[in-house]
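Enquirer: Numbering (the numbering used here), first residue to last: 2 to 408.
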Amino acid sequence: MSTRDFIEKDYYAALGVAQDADAAAVKKAYRQLARDLHPDKNPGNTEAEARFKEVSEAYDVLSDPKRRAEYDEARRLFGAGGAGARAGFPGGFPSGAGGGQPFDLGDIFGAAGGGRTGAGGLGDLFGGLFGGGAGPGAGAGSARARSQAASGPARGQDVETEATLSFDEAVLGVTVPLRMQSPGTCPTCAGSGAKPGTSPHTCPVCQGAGVTSRSQGAFAFSEPCRNCRGTGQVVDDPCPTCAGNGVTNQTRTITVRIPAGVKDGQRIRLAGKGAPGRRGGPAGDLFVVVHVSGHELFGRTGNDLTLTVPITFAEATLGATLTVPTLDGNVTLKVPAGTASGQTLRVRGRGVPGKGRNGDLLVTVEVAVPKRLTPAAEEAVKVLEAELGDPRPRITAAVQQQGGAAR
């Protein structure tokens with residue numbers, strides 16, 4: 002197995018487990034997949050056979066603690082997705098990592114053409130990750146870049162909230178005020194984290210870079226500075242309001258326009274309406290999860306509204322013109338003569354507003370059967386029954402052929 006496999010293949014995704022899954026979870030996932038994808042169970046299915054090989058390869062690596070550690074380290078160093086091959090290495094990364102052999106830095110530098118590539122050299126490619134090969138200037142430039150990234154503008158956090166709408170509001174659209182709590186710039190220190198009258202100073206450990214380096218064999222690893230928590234600045238006298246964080250939880254009310262036709266459970270994104278950015282950075286986004294209450298008359302299927310309307314036997318038999326409600330007025334509906342109970346009639350364009358065209362109103366008519374009759378009405382029904390005759394002649398004929406015997 003080559004290093005390219007380690008970099009380009011996501012064995013965790015192949016088994017459908019998280020990166021921190023324990024050995025038992027990995028084994029359980031593999032057994033389930035192997036049972037479903039085994040060639041004996043899927044004869045002639047080349048796709049299932051390829052997946053079976055993929056999950057087997059993934060399990061071979063992740064079930065071995067040593068190989069799993071090497072795989073995790075390789076992906077952490079170079080990034081998933083074959084970054085090395087795309088960055089200009091003709092043959093990708095050298096083989097050997099999967100078999101427990103160390104990386105050969107000579108091969109890496111040799112493949113890169115003597116330490117320089119068309120992308121700007123190893124210093125630009127690795128940003129000072131490897132000791133040597135890039136020169137002091139590249140390392141200093143990388144440190145400056147990291148310092149600027151650490152102390153520069155930072156995008157605000159995304160915020161999620163919920164809104165409960167009535168059925169009518171969800172269909173027709175509505176503007177609602179939302180009261181929420183979210184992180185915001187501390188009003189006392191204006192986001193600096195320092196007590197008013199004082200100011201942060203450059204971190205003496207990382208010299209403002211926000212990162213520190215440590216060596217492990219042939220590699221140099223960069224990690225956020227623990228002294229300044231990666232900011233490059235140290236606060237000696239923290240702000241009493243935010244305890245030096247520069248942000249506080251704040252309550253605010255914003256007005257949000259909910260578009261017409263929103264569905265229950267839908268997540269609406271409002272760009273730039275989230276938490277404010279830090280150090281002049283852009284605000285995050287606001288995500289509103291919509292909950293829709295039910296309606297006493299209407300239901301909803303996609304962009305169609307549904308409505309059930311009772312009609313009399315006479316209306317179903319002779320036909321009728323009904324007036325039925327919609328969410329924005331009334332419409333006239335013609336019921337043809339001889340309409341069966343349960344039949345659905347369509348009123349076009351009177352449903353939920355949508356892109357391109359509105360949905361329809363689907364009216365289901367149900368013949369209302371009275372539970373009690375006056376003696377005169379009962380006599381009239383019997384006369385009508387005699388006039389209409391048997392509505393199920395084929396069933397009656399079948400019963401007669403059986404001799405009328407009950408089973």
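Where a beta carbon is used, it is the ideal one built from N, C-alpha and C, also for glycine.
Treat the numbers as computed from the prediction; the structure is a model and nothing was measured.
Rounded to whole angstroms, what's the CA-CA distance from residue 373 to residue 323? Just pull it up for me.
Expert: The straight-line gap from Cα to Cα measures roughly 25 Å.
Enquirer: Helix, strand or coil: which one does DSSP assign to residue 384?
Expert: DSSP places residue 384 in helix when its eight states are reduced to three.
Enquirer: Compute the Euclidean distance between the alpha carbons of residue 409 and residue 245, then round it to the nearest angstrom.
Expert: The shown model of the chain, from 2 to 408, leaves out residue 409, and the question about it has no answer.
Enquirer: Determine the DSSP secondary structure at residue 274, reduced to helix, strand or coil.
Expert: Coil at residue 274, not helix or strand.
Enquirer: Let's test the definition: count the other Cβ atoms within 10 Å of the Cβ of residue 16 and tell me whether it reaches 16, buried, or not, exposed.
Expert: Buried.
Enquirer: Is DSSP giving residue 305 helix, strand or coil here?
Expert: Strand, per DSSP.
Enquirer: Which residues share a DSSP beta bridge with residue 335?
Expert: 322.
Enquirer: How long is the line joining the alpha carbons of residue 258 and residue 174, rounded to whole angstroms?
Expert: Their backbone Cα atoms lie some 8 Å apart in a straight line.
Enquirer: My assumption, with CB atoms under 8 Å, is that residue 343 sits in contact with residue 367. Please give the rounded CB distance.
Expert: Contact flag correct, Cβ pair sits at about 6 Å.
Enquirer: Look up residue 34 in the DSSP assignment and say whether it is helix, strand or coil.
Expert: Looking at residue 34 - three-state DSSP - the assignment turns out to be helix.
Enquirer: Quick one: any contact between the stretch 21–30 and the stretch 48–64, if contact means 3 or more CB pairs under 8 Å?
Expert: Yes: the two stretches touch, three or more of their Cβ pairs being nearer than 8 Å.
Enquirer: Does residue 57 come out as helix, strand or coil in the three-state DSSP assignment?
Expert: DSSP places residue 57 in helix when its eight states are reduced to three.
Enquirer: For residue 192, which of 402, 346, 248 has the nearest alpha-carbon?
Expert: Comparing Cα-Cα distances from residue 192 to each of 402, 346, 248, the minimum goes to 248.
Enquirer: With DSSP as the reference, label residue 66 as helix, strand or coil.
Expert: If DSSP states are grouped into helix, strand and coil, residue 66 belongs with the helices.
Enquirer: When the Cα atoms are used, what is the spatial distance from residue 394 to residue 401?
Expert: Between residue 394 and residue 401, the C-alpha separation is close to 10 Å.
Enquirer: Which whole-angstrom value is the C-beta distance of residue 234 and residue 201, which I expect to be below 8 Å?
Expert: Between residue 201 and residue 234 the Cβ distance is about 4 Å, and since that is below 8 Å, they are a contact.
Enquirer: Pick out whichever of 312, 20, 349, 12 has its Cα sitting closest to the Cα of residue 369.
Expert: Closest option to residue 369, Cα to Cα, is 312.
Enquirer: At which residues does the alpha helix (DSSP H) containing residue 14 begin and terminate?
Expert: Here the alpha helix (DSSP H) through residue 14 covers 12–16.
Enquirer: Enumerate in chain order the residues of its own chain whose CB-to-CB distance from residue 50 is below 6 Å, with the five nearest sequence positions on each side excluded.
Expert: Correct list, in chain order: 40.
Enquirer: Can you tell which of 251, 171, 60, 398 has the C-alpha that lies nearest to the C-alpha of residue 267?
Expert: Nearest option by C-alpha distance: 171.
Enquirer: Among 286, 389, 167, 182, which has the Cα closest to the Cα of residue 265?
Expert: Taking only the C-alpha atoms, the option nearest residue 265 is 167.
Enquirer: From residue 34 to residue 74, what does the alpha carbon distance come to, in whole angstroms?
Expert: So the two alpha carbons sit approximately 26 Å from each other.
Enquirer: Between residue 234 and chain B, is there a C-beta pair that is closer than 9 Å?
Expert: Here chain B cannot be found, since the structure has a single protein chain.
Enquirer: In angstroms, rounded to a whole number, what distance separates the CA positions of residue 326 and residue 358?
Expert: Rounded to whole angstroms, residue 326 to residue 358 spans 20 Å at the Cα level.
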